[in-house]
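These notes concern the structure reproduced below.
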Amino acid sequence: MIKVSEIFCSLQGESTKIGKLCVFVRLAGCNLNCKWCDTEYASNSVNANEMLATEIIDCVKKYDCNFVEITGGEPLIQSETKELANKLVKLGYEVAIETNGSVLLAGLDKEIIKIMDIKCPASGMAKNNLYENINYLNKRDEIKFVIASKDDFYWSIDVIKRYNLDEKVDNILFSAVASAIRYSDLAELILSVKDAKIREVIRMQLQLHKIIWGNEKGR
41 MIKVSEIFCS LQGESTKIGK LCVFVRLAGC NLNCKWCDTE YASNSVNANE MLATEIIDCV
101 KKYDCNFVEI TGGEPLIQSE TKELANKLVK LGYEVAIETN GSVLLAGLDK EIIKIMDIKC
161 PASGMAKNNL YENINYLNKR DEIKFVIASK DDFYWSIDVI KRYNLDEKVD NILFSAVASA
221 IRYSDLAELI LSVKDAKIRE VIRMQLQLHK IIWGNEKGR
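Those letters in the sequence shown? Residues 41 to 259, per the numbering used here, in order.
Following this line, the structure appears as structure tokens:
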């Protein structure tokens, strides 16, 4: 059984798929406790529904949408999540998994888009980054840094250089913690990057769903 927080269809608010119609399968439970978490209601499984993979797939099929994102919480802490994702791929869906990067990515179908966080120091969770996961990424996957300060930004640039992330993926997302750093300040920091190879893969990311519906609904 898989613990599910909610299943709904909306516009993708983040990543390079921003604005695209998407069925979200939000699983319940998380192994981290980030200071900036905006889905705390899914961080535990108190109000979760337990569903079979087949039941989840039946729910997805009700929406006339071919793009599915499995998110959380942290979806990969549940042992059946990878099997669910792989089944969806076999059924012809375009599938993405958003993960906090602390759980091993091995065992996912190569067609699945992995959107992997690398936690910055201000999140309080940087010690949980599993850098081994970089070995499981390919060009179509995406890495995300959530930036709360200049220190977070420069730390992120250092991580990109240290692990050659610009050679691993085509898109590295920089997302601002809106309550901590101005969008314009993050934009200026990105524009100040001197390394052309790194500049080429960085994408500044806004949370479209919050711009449209606000922080209360947030989706």
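Ideal placement from N, C-alpha and C gives every residue a C-beta, glycine not left out. Predicted model only: the values in this text are computed from it and were never measured.
Please tell me whether residue i and residue j are closer than 7 Å, where the distance is taken between their beta carbons.
i, j, result
"Lys261", "Ser163", "Residue 261 lies beyond the residue range present for the chain, which begins at 41 and ends at 259; the question has no answer from this structure."
"Cys62", "Glu138", "no"
"Cys70", "Ser83", "yes"
"Asn140", "Glu182", "no"
"Glu67", "Pro115", "In the sequence as presented, Glu is not what sits at residue 67; that position holds Leu. Yes, they are a contact pair."
"Asn175", "Leu72", "no"
"Gly59", "His249", "no"
"Ala166", "Ile153", "no"
"Ile42", "Glu120", "yes"
"Lys237", "Leu213", "no"
"Ile187", "Leu226", "yes"
Does DSSP put residue i in a helix, in a strand, or in coil?
i, result
"Leu116", "helix"
"Ser83", "coil"
"Glu95", "helix"
"Ile58", "coil"
"Leu67", "strand"
Using the Cα positions of residue i and residue j, report the straight-line distance between them to the nearest angstrom.
i, j, result
"Glu46", "Val65", "6 Å"
"Arg202", "Tyr171", "11 Å"
"Gly113", "Asp157", "12 Å"
"Gly254", "Met244", "19 Å"
"Lys101", "Val86", "26 Å"
"Lys130", "Thr79", "29 Å"
Whole beta strand (DSSP E) elements within the segment 128-191, 3-residue minimum: Given a length threshold of 3 residues, each whole run of the beta strand (DSSP E) inside the segment 128-191 is given here in chain order: 134-139, 153-157 and 182-187.
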